[in-house]
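This note's numbering numbers the first residue of the sequence shown as 8 and each following residue consecutively. For glycine and all other residues, C-beta sits at the position ideal for the given N, C-alpha and C. Only a predicted model underlies this, so the values are computations on that prediction, with no experimental measurement involved.
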Amino acid sequence: FGSSWLSKVRPVPLFGRLLPAMSQAEVHQHLARQSPTGLLSNFRARRSGASLPYASNAVARADVGWPWRMDWSGHDPASPVAEMHINYHQTGWSIMIMVCTTVVYLMNKR
8 FGSSWLSKVR PVPLFGRLLP AMSQAEVHQH LARQSPTGLL SNFRARRSGA
58 SLPYASNAVA RADVGWPWRM DWSGHDPASP VAEMHINYHQ TGWSIMIMVC
108 TTVVYLMNKR
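Here you go:
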């Protein structure tokens, strides 16, 4: 694991708030990544299947879907917030099945 970009950030006061400051090398790296040559090299690397020359590591990766989990959420959540959304959806889904089944039963049988 390399050093985090947060460890390199120095806060700079601006309009009463602390904003991160970038070093000169980080500014040049960002400009090289966003330059036409950098964008073209990224495009060529993607087309050839090679790794991207200026790509950083992914922050979070979602897991792959497994067949026995497709009936509920499909994959392991990538973050605690995603897990919260999945759990909320699962709870609402099960409650609505019960509500809809009860309403259809009462309308047809009574």
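Where residue i and residue j are concerned, what is the direct C-alpha to C-alpha distance, given to the nearest angstrom?
i: Leu113; j: Arg54; result: 59 Å
i: Val106; j: Asn49; result: 51 Å
i: Val111; j: Gly99; result: 18 Å
i: Ala85; j: Ala57; result: 25 Å
i: Met77; j: Ile104; result: Residue placement at Met77 is flagged as unreliable, the pLDDT there being 48, under the threshold of 50; the coordinate-derived value follows with that caveat. Whole-angstrom Cα-Cα distance: 18 Å.
i: Thr108; j: Ser101; result: 11 Å
i: Ala89; j: Gln41; result: 30 Å
i: His92; j: Glu33; result: 36 Å
i: Pro87; j: Gln36; result: 32 Å
i: Asn115; j: Asn94; result: 32 Å
i: Arg117; j: Gln97; result: 30 Å
Beta carbon of residue i, beta carbon of residue j: below 8 Å?
i: Gly45; j: Ala52; result: no
Subject >> Complete alpha helix (DSSP H) runs within the region 84 to 110 (minimum length 4 residues, chain order) >> reply: Within the region 84 to 110, complete alpha helix (DSSP H) segments of at least 4 residues are not found at all.
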